[in-house]
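Report on the structure given below.
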Amino acid sequence: MWPSAFEYQRPVSLAEALQVLSDHEDAKVLAGGHSLLPAMKLRLAEHEMLVDIGRLSELKEIITIRNGGVKIGALATHAEIAASVDVQRACPALASAAGMVGDQQVRNWGTLGGNLAHSDPASDPTTVVLACGGTIQIQSASGSRSVSADDFFIDLFTVDINPGELITSVELPDLSRHKSAYVKMAHPASRYAVVGVGVVLEMSGNTCTSARVAVGGATVKPTRAPGAESALAGSTLDEAALNAAADAVKSDIADMLIGDMNYPEDYRQEMAGVYLKRAVRAALS
Amino acid sequence: MKVKMKVNGTMYERDVEPRMLLVHFLRDELGLTGTKIGCDTSQCGACTIHMNGRALKSCTCLAVQADGADITTIEGMAQNGDLHPMQESFWENHGLQCGYCTPGMIMTTTAFLKDHPNPTEAEIRHSLEGNMCRCTGYHNIVKAVKAVAAANAGGD
Amino acid sequence: MAVVGTPVKRTEDPRLITGEAKYLEDIHLPGMVHAAILRSPHAHARITSINTAKAAAQPGVLAVFTGQDFADLPALPCAWQAGGVTNHVNTPRVLEIDKVTFTGAGIAVVIAENRYIAEDAIQLIEVDYEVLPAVVDAEKATQPGAPQLHENAPDNIVMEWECGSADGTAQALQAADVVVRQRLVNQRLIPTSMEPRGTIAQFLPATGEFTVWVTSQAPHVMRLLMTAFVFGIPETKMRVISPQIGGGFGAKIFLYPEYCLIAALSKKIGRPVKWMESRSENYVATTHGRDHITEIEVGAKQDGTITALKVHTYANLGGVLSTIAPGIPTTLYGRMLSGAYKIPHIYCHVSGVYTNTGMVDAYRGAGRPEATYVVERAVDLVAHKLGMDPVAVRRKNFVQPNDFPYDPVGILNGLKYDSGDYDKTLDRALEMVGYDRLRQEQAQARQQGRYLGIGLSSYIEICGVAPSAWIGLKGEGWGAGLWESANVRVHLTGKVVVTTGSQSHGQGHETSVAQVVADELGMPMSDVIVQHSDTLGTPFGYGTYGSRSTAVGTVAVHRSLQRIKDKAKLIGAHMLEAAPEDVVYEDGKVHVKGSPDQAKTIQEIAGAAALAYDLPAGVEPFLDDTSYYDPPNCTYPFGTHICVVEIDPETGQIDIKRYIAVDDVGKVINPMIVDGQVHGGIAQGVGQALWESAVYDDNGQLVSGSLLDYALPRADLLPSFELDRTETPSPVNPMGVKGAGETGTIAATPAVVNAVVDALSPLGVTHIDMPLTPRKIWQIIDAHSNGGD
């Protein structure tokens, strides 16, 4: 409840922020603070310097982009994303996942960028960004790069960001003609996902022509489920296909499971199957 | 570091360490002790205030982050000696026992009703997911929020 | 108009809903400094060295102390040494000196200008530990080869305690038509009042007096224990104040090391010192509750008559003993094992055990929820074994209205159940839930593969815990009384100040006591102020727990009110120039019998009594009375709760569809407050059944160490509760009150578990240990669907 001391910088522009980060390799970016501060309060995390980017208005926008997709500034809050008409149109599963993060207070101030950078494996939006095939835009003083969500998540609390870099936005494709959904079993204490499953289905009539499935909560990082995707693709998403996909997702994630005392690995693995089916049904409804 | 913010309509300026949490700033620097601390993991919601009109757990924000903000705490809810309708309703419906979670509950539920003027019981219960109460079983808190929503609807 | 029995809005609320109330952490004294405590990261270890130099050198740090600095202070007292525990007592020290027996034990303290600096310094203290093997399970701790925690406690046994007849029960079990055996784990819980603990102490060298503010449910007891048993000073040298308290649930009854530490520091440092517990500290350093491993054998006849109950319990009491730890799983547990039923043979044996875990003591209900869980599970096990409806088994065995006063075959050590009509609350609860129709629905649901369950709990609570001769009995009780006191003073203007030794931390005493005063004296409640929680100015009281503040404390107020009225009649008669025997006290006036117009108001009489220039001969000035009330018996509320659940077969998640509670708490002073107590109790009881669980790993680390892991009930996990009440006055006290603080917690846990077991009974399930996590349920359903039996 009493963080260690740190130096605090509050740059007024993105350029200045990138410069500060470039000058101070150990600096930690502070966005909404809703992932960082809880760790600092318990002194599980201690940092020499915090760079508060919270006021950089250029990182707050949510806009529809050329291809019909949506670009979400790193500082957009979960509440803003949940309420955004652009997100609801292009990527409704993300809007719904953003509405399931933490609680009303956390959603008001926690940001998508902070969420991605912290990469709690049980975070709801990160799983959906992966399911939706999002792209993470990253800048540093020396330039910018974009990383596909498929490559961004490396390991437990580890993502592809280097010192001096900052997430500036996330771009999501236009999925308005797809069927998509995110469903989760919330942990009764933390509200994080015991298991969360995001699905994006491309449909042709009653047939699913392709599917993207991502699982969070049960795994060390948000994880694609290729076996489940294959089981869904080409099917009419009937009970047999759902069962096959549920079985497949369990093997897809078998070597990266995590758990806790009441929700151990085996249960989360089973529930990934159950929630995959629920996600597909939700997407179709 | 200097921070300046408007709290319950009054402008305050203080020099604080960057690491000072907003909740400590309000309580220890400004003496506004109505805002409570019930956990250290951002779960319990006892420290909920309004920052720029939105509910915030003030334990999960640095005072320096709130520099320039407009803040309302429980002490700012009654206006000109009149209790806020949510305060009245918690009293009327026995929505509190020990009272420790109450300031946070009142701040959360007032913010919630602004966006959801006509909520169902399920929505009210869901809106309280970031606020813990160990005394009431939430029964009368839900009742208090319902009553305010109903009174607002009747008043339109 | 009478206010007793009506839902009067609480008079304490305005300060609480506006943020004006001052809880401990809100108090700031000039010159105050702040303490942070270094706690052992190991569950069982020897401390081989501590180096505080770096911490002490930090700017802003006033001092750093270790256990050695307080070696002259004795270990804390254990006030309730039930079951011959005398030779096995081990209690915490102010700071541990050379050995720790649980993770979180205090090792060193930093005093600094603010808490941030104090926490910085804590990190700089260097401690070397010799880590010892740990044991966290009470049963395993008693086995050969287990790590030994204390030299004076072989096999880690705190005490062996028994009640009832071993031989009689064994014979009855032999003769029974059926015997059901079951192992029941009543898991460890963390009380989690929303306000953690804290204390502020100030020492004045000129007078040698301490003032201690502390988050305590029992300020007078704090003073007694600290002055007489720790500091060895007269109690007149210490004033203890409980400010506004943010819930307690038992965990704030006890004397903790930090309270003595901070008081001692205020003297050493010469400045007021504050310590406020963080939630993380609260989870390791404040007492936990429950933690029983129990084996039961219950015998019954074919017709459902229960003939015998045999119970053995391992009660985990933690690494050291908290203030009344041994009393909870003994007197308050074993003696309650007859429940609402006539069980002719009962035997209970409790092994209290040390383990490398946090202290365990009273948590809401304290022994009685554990006992009720045993009894209510046993009844359902019998019903299942015999293929009977659980309602029928309950009815078959209920103590009947004409059985009162009922002696539960001696296990209550001489006390008897006071009054009740157990069928009545059962009938009402069945009616509210629509029992017969619900059973039909259940049958249909089962046809559809759905898991719908109905669970009952017909409990009794033993509350108004008091009779001093009973609770204080040597070798059994805590060697002290449990009476309560009150002072009622009618000031010159007719305004009343009541001071009570009870302590209100959410129960609304300021309102309910004022209701009683208003009715008895016939004046508006707004003329009554109720003061409590400060040893300066309130009479001694044992504190608020055990649902005893109304049944004992308020009855003391009631007694003083009668004497105030008697005196008012003497003075009023004098003023009316009537004989005392010719006047009555009615509606706030003393009037001549048959002539209501010839009257003097209580305000006029109070004025006359205070001015005192014209009083009847021999009458002292002022309307002022102090009473000490020691009831002849406990009180015995009862009721039936019914829980209806549906289980999601795919996930094992449990949905509480309805929760019905019909309670009888005797005469009710404020139904709104009583309902509130029941609501909160139910939530806590449901919490134990479904979510809450304090878990230590094998090394003695608390795995559920924060609210991220320990699942407190949340609003969206609970339904609205459906309540009703019957009212059977208690003959124990003149007010007919029984007490209502713990009924919900006691009743709810078995109601929920019985409902879930009922839902799964087609799968052959007869018991599941708590918490009923989705995984446990899912595994049962999954095994069944894969097993295909």
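Going down the list, the protein sequences come from chains A, B and C.
Under the working numbering, the first residue of the first sequence is numbered 1, with each subsequent residue one higher.
Under the working numbering, the first residue of the second sequence is numbered 1, with each subsequent residue one higher.
Under the working numbering, the first residue of the third sequence is numbered 1, with each subsequent residue one higher.
Built from N, CA and C at the ideal position, the CB exists for glycine as well.
Quantities reported herein were computed from a predicted structural model and do not represent experimental measurements.
Check your understanding: For C:HIS784, which residues from the same chain have a beta carbon less than 7 Å from its beta carbon, with the 5 sequence-adjacent residues on both sides left out?
Key -> LEU763
Check your understanding: Taking Cβ-Cβ distances below 8 Å as the criterion, which residues of the stretch 94 to 114 of chain B are in contact with chain C?
Key -> HIS94, LEU96, GLN97, CYS98, GLY99, TYR100, CYS101, THR102, PRO103 and ILE106
Review point. Ends of the beta strand (DSSP E) at C:TYR435?
Key: Taken as a continuous stretch (DSSP letters only), C:TYR435 belongs to no beta strand (DSSP E), being part of the alpha helix (DSSP H) at 435 to 447.
Check your understanding: At a cut-off of 6 Å, is C:PRO243 close to the ligand SAM when judged by its beta-carbon and the heavy atoms of the ligand?
Key -> As for the ligand SAM, it is missing from this structure, which has no ligand bound.
Practice item. Quick one: list the residues of chain C neighbouring B:PHE90, beta-carbon separation under 8 Å, in chain order. Key: ASP13 and ILE17
Check your understanding: By how many angstroms is the C-alpha of C:ASP427 removed from the C-alpha of C:VAL391?
Key -> 10 Å
Check your understanding: Comparing the C-beta of C:GLY788 with each C-beta of chain B, is any distance below 7 Å?
Key -> Its pLDDT being 48, under 50, C:GLY788 is placed unreliably in this model, and the value from its coordinates should be taken loosely. Taking Cβ atoms only, chain B never reaches closer than 7 Å to C:GLY788, which makes this a no.
Practice item. Throw me the rounded Cβ distance for the A:PRO222 and A:PHE157 pair, which I believe falls under 8 Å. Key: 12 Å between Cβ atoms; not a contact.
Check your understanding: What does C:VAL500 pair with, by DSSP beta-bridge criteria?
Key -> One point to set straight first is that residue 500 of chain C is Thr, not Val, in the sequence displayed. Beta-bridge pairing links C:THR500 to C:ALA486 and C:HIS532.
Review point. So, helix, strand or coil for B:ASP156, using DSSP?
Key: The predicted position of B:ASP156 is uncertain, since its pLDDT is 48 and thus under 50; a value taken from the coordinates is nonetheless stated next. Coil, per DSSP.
Point to revise | Against chain B: residues of the stretch 6 to 35 of chain A by CB proximity under 8 Å | key: PHE6, GLU7, TYR8, ARG10, LEU30, GLY33 and HIS34
Check your understanding: Considering only the beta carbon of each residue, do C:PRO637 and C:GLU441 sit closer than 7 Å?
Key -> no
Check your understanding: Are the Cβ atoms of C:ILE768 and C:THR372 separated by less than 7 Å?
Key -> no
Review point. Who are the near neighbours of C:THR743 in its chain, counting only those whose CB is closer than 7 Å to its CB and skipping five residues on each side?
Key: GLU461, PRO637, GLY639, ASP663, VAL665, VAL678 and GLY681
Point to revise | chain C residues whose Cβ lies nearer than 8 Å to that of A:GLU364 | key: Here chain A comprises residues numbered 1 to 285, so residue 364 of chain A is not present and cannot be evaluated.
Check your understanding: Which residues mark the beginning and the end of the alpha helix (DSSP H) in which C:ARG559 is found?
Key -> 555 to 575
Review point. Name the chain C residues whose beta carbon is nearer than 9 Å to that of B:VAL3?
Key: Going along chain C, no residue has its Cβ under 9 Å from B:VAL3, so there is no contact; the nearest lies around 16 Å.
Point to revise | Within chain B, partners of C:SER193 - CB distance below 8 Å | key: CYS98, TYR100 and ARG134
Review point. Between C:ARG279 and the rest of its own chain, which residues show a CB-CB distance below 7 Å, the 5 nearest in sequence each way excluded?
Key: PRO196, SER706 and LEU707
**Study point:** Limits of the beta strand (DSSP E) - the one that A:LEU257 falls within
**Key:** Segment: none, A:LEU257 is in no beta strand (DSSP E) and carries neither H nor E.
Check your understanding: With 16 as the cutoff for other CB atoms within 10 Å, does A:MET261 come out buried or exposed?
Key -> exposed
Exercise for review: Under 8 Å between beta-carbons, which chain E residues line up against B:CYS61? List them in chain order, please.
Suggested key: Protein chains A, B and C are contained in the structure displayed, whereas chain E is not.
Check your understanding: Just how far apart, CA to CA, sit A:ALA241 and A:GLU229?
Key -> 10 Å
Practice item. Figure out for me which residue from C:THR499, C:PRO7, C:ALA45 and C:HIS591 has the closest Cα to the Cα of C:THR103. Key: C:ALA45
Exercise for review: Just the chain A side, please: which residues come within less than 7 Å of C:SER278 by C-beta, in chain order?
Suggested key: MET1
Review point. Ordered along the chain, which non-local residues of its own chain (more than five positions away) have a Cβ less than 6 Å from that of C:THR211?
Key: GLN202 and ARG239
Exercise for review: Compute the beta-carbon to beta-carbon distance between A:ASP289 and A:TYR182, rounded to the nearest angstrom, for a pair I have assumed lies under 8 Å.
Suggested key: It is not possible to answer for residue 289 of chain A, since the shown part of chain A is limited to 1 through 285.
Exercise for review: Could you tell me whether the stretch 312 to 328 of chain C touches the stretch 81 to 97 of chain C, using the rule of 3 or more Cβ pairs below 8 Å?
Suggested key: yes
Practice item. Identify whether C:PRO596 lies in helix, strand or coil by the three-state DSSP scheme. Key: strand
Point to revise | From A:ALA214, A:ALA186, A:ILE167 and A:THR135, residue whose alpha carbon lies closest to that of A:GLY99 | key: A:ALA186
Point to revise | Contacts around C:MET276, its chain only, beta-carbon distance under 6 Å, and the 5 residues preceding and following it disregarded | key: GLU25 and GLY198
Review point. Is the CB-CB distance between A:ASP174 and A:GLY69 below 7 Å?
Key: yes
Check your understanding: Are the C-beta of C:MET432 and some C-beta of chain B separated by less than 7 Å?
Key -> no
Exercise for review: Just the C-alpha distance for A:SER146 and A:ASP255, rounded to the nearest angstrom, thanks.
Suggested key: 28 Å
Practice item. Scan the stretch 705 to 722 of chain C for residues whose Cβ lies nearer than 8 Å to a Cβ of chain B and list them as they occur along the chain. Key: SER706, LEU707, LEU708, LEU712, PRO713, ARG714, ALA715, ASP716, LEU718, SER720 and PHE721
Check your understanding: Going along the chain, which residues of its own chain have a beta-carbon closer than 7 Å to the beta-carbon of C:PHE404, five neighbours each way excluded?
Key -> TYR417, ASP418, SER419 and GLY420
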